[in-house]
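For the protein sequence lines, the chains are Y and R, in the order given. Here the first sequence stands for residues -11 to 332, where the numbers follow our numbering. Here the second sequence stands for residues -11 to 332, where the numbers follow our numbering. Just so you know, even glycine gets a beta-carbon here, dropped at the ideal spot from N, CA and C. Here is the structure we will look at.
2 protein chains.
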Amino acid sequence: MTSATLSIDLGALVRNWQALDALSEGETGAVVKANGYGLGAPVVGRALMRAGVRSFFVATAEEGNILRAAIGQGPDIYVFSGHMAGDTKPMREAALTPLLNSVDQMLRHVEALPGHPFGIQLDSGMNRLGMEPGEWSAVRDIAVAQGPTLIMSHLACADEPDHAMNAHQLAEFRAMTDGLEARRSLAATGGTLLGRPYHFDMTRPGIGLYGGLPFVDAVPVVTLDLPVIQVRDVMQGETVGYGNTWTAPRDARIATVSGGYADGLIRAMGSKATLFAGDVPCPVVGRVSMDLMTVDVTELDHDPAELQLMGRHQSVDTVAEAAGTIGYEILTSLGLRYARNLMT
Amino acid sequence: MTSATLSIDLGALVRNWQALDALSEGETGAVVKANGYGLGAPVVGRALMRAGVRSFFVATAEEGNILRAAIGQGPDIYVFSGHMAGDTKPMREAALTPLLNSVDQMLRHVEALPGHPFGIQLDSGMNRLGMEPGEWSAVRDIAVAQGPTLIMSHLACADEPDHAMNAHQLAEFRAMTDGLEARRSLAATGGTLLGRPYHFDMTRPGIGLYGGLPFVDAVPVVTLDLPVIQVRDVMQGETVGYGNTWTAPRDARIATVSGGYADGLIRAMGSKATLFAGDVPCPVVGRVSMDLMTVDVTELDHDPAELQLMGRHQSVDTVAEAAGTIGYEILTSLGLRYARNLMT
Chain Y
-11 MTSATLSIDL GALVRNWQAL DALSEGETGA VVKANGYGLG APVVGRALMR
39 AGVRSFFVAT AEEGNILRAA IGQGPDIYVF SGHMAGDTKP MREAALTPLL
89 NSVDQMLRHV EALPGHPFGI QLDSGMNRLG MEPGEWSAVR DIAVAQGPTL
139 IMSHLACADE PDHAMNAHQL AEFRAMTDGL EARRSLAATG GTLLGRPYHF
189 DMTRPGIGLY GGLPFVDAVP VVTLDLPVIQ VRDVMQGETV GYGNTWTAPR
239 DARIATVSGG YADGLIRAMG SKATLFAGDV PCPVVGRVSM DLMTVDVTEL
289 DHDPAELQLM GRHQSVDTVA EAAGTIGYEI LTSLGLRYAR NLMT
Chain R
-11 MTSATLSIDL GALVRNWQAL DALSEGETGA VVKANGYGLG APVVGRALMR
39 AGVRSFFVAT AEEGNILRAA IGQGPDIYVF SGHMAGDTKP MREAALTPLL
89 NSVDQMLRHV EALPGHPFGI QLDSGMNRLG MEPGEWSAVR DIAVAQGPTL
139 IMSHLACADE PDHAMNAHQL AEFRAMTDGL EARRSLAATG GTLLGRPYHF
189 DMTRPGIGLY GGLPFVDAVP VVTLDLPVIQ VRDVMQGETV GYGNTWTAPR
239 DARIATVSGG YADGLIRAMG SKATLFAGDV PCPVVGRVSM DLMTVDVTEL
289 DHDPAELQLM GRHQSVDTVA EAAGTIGYEI LTSLGLRYAR NLMT
């Protein structure tokens, strides 16, 4: 097989959820948007449901629809983008709970689906999604009377525990919601780690479940092994790959592996990335191609059959650093050509 | 619907192939690897087959299998990664033609599938895929006697017409193949534009079909419109998005659109990207989130229902420049959440 193998450890995923759940005072939900952070919302959702998750969060109604088909009736599925035009049918048929972001969305929801559950998303300072304080104060009494199942907001700087924005958003959120009957949620993974004052009635971790920072105690969930297509000798002074960007400083042995930027191995990482043959690091040389990477395996005493990008020696965050991005983007970029190996 | 709409103009795709075919002396194939450069190999393959393409190129046997199911028997499907361990079954069942990259692959192929068509990939200096000159001279007579349907190589610097590597690779390729009976191919899109000496018996354009550089005369194939979820007033001095990276220099009106790096809107483009409301450019502000981007729409006299990233005003290459990459990666990163609108 030419396909690389992406192994997904659903047991590790569940242990990460359990560890975050142990930190949380109230309920612990799970964010499975962007196809379960690239790992597959249906399999991730089913594993977490079996572990006890009763509240899931997705980005769009379409994602909610797919998740509902996978997990069946029972758990709540909250939709961050709220109730958009055209969302009424999936909201009703898949029993999704929109997190209403504006007065416009609230009007659309109560007109189209009177009595259908909803939550409220408030903007506490990130200026991205949710009702503004002024907007909220105008509709709060009407909204609360309708019994929202959740009132939530999202932190902009939770990955930086000392950032003043955290306390500022916490105060804003409390000012908008203290004294109300409804259940409240403010914290994703970063907010969960900020401590109890940020937890309210529900935390909703995402990246931490999948083994990424800022949850430093997360266990790794993904392993990615790339098969070697061929290995060649390259003489000192010869070049490798597009644009001749790498010139061999000495005679070298170069492996070409199946896996490139079309598989989410972000082109920007180029020769800053390292693959592993067992415990031996092997640097990527030259540019990442669409389907291929070239790797210096001169230090090995054998030609490897495969090389590992993520796993025991490198986390999603190490790879992200090589690519100049964050672990979240490494995960959500993982492509469709991998043979996916689910481990429980 | 919360989904963004990715419109794919299959008529434009076909016109690009026809334009490149008009430049080529011999046969003009088509590269549809990486799921047809992100646009969908089945739909792209069927459209090109109807236009007259008889030779397709994919990266892996698995991709060949999917393409064969879409286009049926008849056209040749060449596999760049050659005949890997485990590929025998799909090679036989989907009638794929491996481009053998090494003596190891040649031995595997003739042992597993004697009499089954194959091509040869030669390395003319890129040091990525294909037999080296020494390897080739050792097996050339045996290989040619088995009647390869194609002997090919790939250019490392064809996007730079003045690069000395082009003439060097052309000379290497001719030295390895002149006088042989088999059909030959050296040029992808860039090589096709280098002129007739690079064309041999078949050109095999990829990126040019999909509207990307270096084919400057390509017509655009993709349009991407992102729906607006909500629009808010942001006061001078307020911040927007993760990490508070953007501070409003004046009172502003900010739209939040559905579409983020999980949709392939590469995080690195950040606030270097621009969306369009009709003819009016609207800058992205703050960080690109997983599912969302925030856009300054202050200059508009209305709140837009959607904003366009790619289309009449911006090509894949313009967007690539904002992200510090190439159009190829923008295309192959396009995600699965889009509503795909096929135009013929």
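- Taking 9 Å as the upper bound on Cβ-Cβ separation, chain R lies near residues P215, I217, Q218, V219, R220, D221, V222, E226, T227, V228, G229 of the segment 214 to 229 of chain Y.
- The beta-carbon of D111(Y) is placed less than 9 Å from the nearest beta-carbon of chain R.
- Here the alpha carbons of R38(Y) and V67(Y) stand approximately 21 Å from one another.
- By the beta-carbon neighbour count (other beta carbons within 10 angstroms, threshold 16), I130(Y) is exposed.
- Using a Cβ-Cβ distance cut-off of 8 Å, the segment 233 to 243 of chain Y and the segment 267 to 274 of chain Y are in contact, since at least three pairs of beta carbons, one from each stretch, lie closer than that value.
- Taking a cut-off of 8 Å on C-beta distances, the segment -9 to 4 of chain R touches the segment 207 to 222 of chain R, as three or more cross pairs fall below it.
- In this structure L319(Y) is in contact with V304(Y), their Cβ atoms being roughly 6 Å apart against a cut-off of 8 Å.
- Within the segment 5 to 69 of chain R, the alpha helix (DSSP H) runs of at least 4 residues that lie entirely inside it are, in chain order, 21 to 25, 29 to 39, 49 to 59.
- When the Cα atoms are used, Y198(Y) and P136(R) turn out to be separated by approximately 47 Å.
- In the three-state DSSP reduction, F106(Y) falls in the coil class, being neither helix nor strand.
- Where T(-7)(Y) is concerned, the enclosing beta strand (DSSP E) starts and stops at -7 to -3.
- The DSSP-derived three-state label of Q218(R) is strand.
- In its chain, beyond the 5 residues on either side, P78, E81, A82, L84 have a beta carbon closer than 8 Å to the beta carbon of N53(R).
- Taking each of G(-1)(R), Y326(R), A35(R), S321(R) in turn and checking the Cα distance to D251(Y), the smallest one comes out for S321(R).
- Sequence-distant Cβ neighbours of R3(Y) in its own chain, meaning closer than 8 Å and more than five residues away, are V207.
- Per DSSP, M257(Y) lies in no beta strand (DSSP E) segment and is marked neither H nor E.
- If you draw a straight line from the Cα of Q61(Y) to the Cα of F45(Y), it comes to about 15 Å.
- Around the beta carbon of Q6(Y), fewer than 16 other beta carbons lie within 10 angstroms, which makes this residue exposed.
- Taking a Cβ-Cβ threshold of 8 Å, the residues of chain Y close to L117(R) are I217, Q218, T244, L280, in chain order.
- The CB of C145(R) comes closer than 8 Å to the CB of Y230, G231, N232 in chain Y, given here in chain order.
- Under a criterion of Cβ atoms nearer than 9 Å, the residues of chain Y adjacent to T48(R) are, in order, M(-11), T(-10), S(-9), S246, D279, R325.
- Sequence-ordered contacts of the segment 61 to 73 of chain Y with chain R read V67, F68, S69, G70, M72, A73 [C-beta pairs closer than 9 Å].
- If you look at L181(R), you'll find it in the alpha helix (DSSP H) that goes 177 to 182.
- Taking a Cβ-Cβ cut-off of 9 Å, S125(Y) has no neighbours in chain R, whose nearest Cβ is about 15 Å from it.
- Distance between R171(Y) and P121(Y), taken at the CA atoms: about 18 Å.
- Among the bridge pairs identified by DSSP, L263(R) is matched with C270(R).
- Residues of chain Y with a Cβ closer than 7 Å to the Cβ of E317(R) are, in chain order, Y249, R255.
- Straight-line spacing of the CA atoms in I65(Y) and R56(Y) works out to 8 Å.
- Per the Cβ contact rule, the segment 257 to 267 of chain Y is not in contact with the segment 217 to 227 of chain Y (fewer than 3 Cβ pairs under 8 Å).
- Close to K260(Y), with beta-carbon spacing below 7 Å, lies no residue of chain R; the smallest spacing is near 14 Å.
- The segment 144 to 155 of chain Y and the segment 174 to 193 of chain Y touch, with three or more beta-carbon pairs separated by less than 8 Å.
- DSSP, read as helix, strand or coil, puts Q224(Y) in coil.
- D305(R): member of the alpha helix (DSSP H) spanning 304 to 311, first to last residue.
- Here P63(R) has M37, V41, R42, S43, F44 as same chain residues with Cβ atoms under 7 Å from its own Cβ, once five neighbours each way along the sequence are excluded.
- In this structure, the alpha-carbon of E13(R) lies about 19 Å from that of A155(R).
- Rounded to the nearest angstrom, the gap between the Cα atoms of G266(R) and L288(R) is 10 Å.
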